[in-house]
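Numbering follows the working numbering, with no gaps: position 230 of the first sequence is 231.
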Amino acid sequence: MSSTPSDASPLFALADGNNFYVSCERVFEPKVRDVPVVVLSNNDGCIVSRSNEAKKLGIPMGAPFYRWRPLIVSKGVRVFSSNYPLYGEMSLRMMDTLFSLTPHMEVYSIDEAFLDVPVGPAEAEGWAEGVRRRVLRDVGIPLSLGVASTKTLCKVAGRSAKRDSRGVRILIGQEEIRSALEATGVEELWGIGRQLSKFLIGQGILNGEKLRECDDRWVRAHLGLAGLRTVMELRGIPCVQGEEAPMEGRSVSTSRSFADPLPDPSALREAVACFVATAASKLRENGAMASGLHLFLTTSPFRGDYRSQTAFCSLARPSSYTPTLIGAAWRLLESLNPENLSQVKKAGIILTDLVEESKTPPRLFGMNAALERERGLMEAVDRIQKRWGGQAIQTAAEGRSREWLTRQSRRSPRYTTDWNELPLVKAKG
DNA sequence: TCTGGGGTCCTAGGACCC
DNA sequence: TCTGGGGTCCTAGGACCC
C-alpha cells in the first residue's frame, strides 16, 4: 500500500488575509491604498505588517522601527501604531463571511483560517475564487487562498497564491506538488523555524522536496515529533490536528513592555492589576476559570545583563473573579524583589490550568451564595465595559493614571468599536 | 534613546516510587 | 557492604507559530 494518498483526498483551503493589519487600515483610509504602509507593534517597537510596496523597499518583518525610520521617512512610508480593536473586529467580520461559505472551518489566527473545501478538485479553483471575491466585497480585505490535501501543503500553496494575481493556488497533482516543494526552501516551510532550518541546511537538505524524501527514523531523531509531522504532511498525509477543544488546560496571558522606566512601585502594582483584569475578562468571555497564576518581570533582553524573575501560585479553587486574581498576583509581586532588576522593562501575568466554569465542583455551605455574588458582579462589569468601553468601570487596584501606558503615537481611529471615532462621510465639494 | 504580544507543543531532566 | 531499573509526574526551557 502506497503512503501517497489519491487525488480524491478531502481538501483544505487556507484563507489568509493579505498584509492583514495594513489591509484593515486601508479599508477606512483610501489615501493609503497605493502607497507603502507599515503597522507597528505595541509601544511602536517593531514593524509587524507591511504593504507590498513596503516589502519592495526591503523592510523586513519584525524589524525594530527605529532602525528603519530613516528609510521610512525618506521614502514617505505611511506608519500606523497598531489598532487592535479595529483588527479584531475586522477579523470577526472576515471569519463570519468565510464561515458562511464552508461546512466547517478552524480559525487559526487573527487573519487565517483553514476551511473544508465543499467541492471536488475540479471545482476547487472556482470555489476559491468565489470565496476571495465575496470577502473582498463584504469585508474589504484581500485574501490569498491555498488549496491542498494537508495544512502544511496549504501553506505552501498559500505562499504561491500571494504571488498570483487571482490570489488562488490549487496544489493537488503529484507533479505539481513536487515542483512546488522543490521551489520552496526548508526555511519557508510551516513548522521549520530558524533552528531547524539551520540544521537542515547544514545537512544539505535545502528544499521541501529534499525534506520530504528523508527517512522517517532520521527525522524523528533529529527533528522530533513535530518535524516528523511536518514531513508526513508534505507527503500528503494529514497529521496536524486542529484544536477544537475549548479552554480546558490552556492558558491566557497579558503582558506589556514599558516605554519608560516606571515612576514607582505602585505603578507596577497598578500595571499588574490591569494585566489581571484584562486576562480575567478574556477568561469569563470563554466561560473559563484559572487554577494557576504566573507573574513575571524582566529587564530589556537587548541590554547586557538580561534578568527575569517569575513566581507562580496555585489558587485554592479555580476563579475568574478579578479581585481574587489581583490579590493573588499582588501577593506574588510582594514575594519578588523588583529592586533586584535594575529596571523592569516588561511585566506580565499568565493564567494557567484553565477549567470550564460549568465543570467546577460546587462549594460547601454558604460558599455558593458568595460565588453567585461574585459572578453577578463580574457579569455587570463585563456588560458595562462592553457597552461603554473598558475605561467606564474598573477596580480601584488598576488606578487611573496609567503612567506605565505604552506609546502609540500613530494610532488610527477605532472606526468600528467606538461611537466617537466612526468614519465620517462627507459630501464632496 | 528607540527592539511586541499571545499562544501551543515537545523534550529533557529531576524527584519520587516500587 | 554491596547497590537496578523502570515508570510516572512535574517543571523549565526551547522551538515553533502568527
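Backbone N, C-alpha and C define an ideal beta-carbon position, used for all residues, glycine too.
Considering only F297, F303, G305 and D306, the residue with the shortest C-alpha distance to C314 is F297. The Cβ-Cβ distance between V140 and M91 falls below 8 Å.
An exposed status is given to M62, since fewer than 16 other beta-carbon atoms sit within 10 Å of its beta-carbon.
Pairing G293 with T231 gives a Cβ-Cβ distance that is not under 8 Å. If the five residues before and after S150 are omitted, its C-beta is found closer than 8 Å to the C-beta atoms of P6, S10, P11, L12, F13, I173, G237 and P239, all from its own chain and listed in chain order. For E107, there is no enclosing alpha helix (DSSP H); the residue is part of the beta strand (DSSP E) that begins and ends at M106 to S110. The beta-carbon separation of S101 and R412, rounded to 31 Å, does not stay under the 8 Å limit for a contact.
Taking 8 Å as the cut-off, the Cβ atoms of S309 and T407 do not count as close.
Per DSSP, P319 lies in no alpha helix (DSSP H); the unbroken beta strand (DSSP E) holding it starts and ends at S309 to S320.
The beta carbon of A55 sits closer than 7 Å to the beta carbons of P37, V38, V39 and V78 from its chain, once the five residues preceding and following it are set aside; these are given in chain order. By the 16-neighbour rule on beta-carbons within 10 angstroms, I394 is exposed. Close CB contacts of S343 within its chain, under the 7 Å cut and outside five residues either way in sequence, are with T300 (chain order). Bridge pairing for M290: V356 [DSSP]. With respect to the 8 Å criterion, L263 and W128 are not classified as neighbours on the basis of their beta carbons. In the three-state reduction of the DSSP assignment, P65 falls in the strand class.
Within the same chain, and ignoring the five residues on either side of K76 in sequence, the residues whose Cβ sits closer than 7 Å to its Cβ are P37 and L58. The distance from the Cβ of L197 to that of V157 is about 16 Å, inconsistent with a contact at the 8 Å cut-off. Looking at G349, C275, S282 and G305, the one whose alpha-carbon comes closest to that of S320 is S282. When C-alpha distances from A272 are compared across T255, C47 and G203, the shortest belongs to T255. Pairing L41 with V49 gives a Cβ-Cβ distance under 8 Å.
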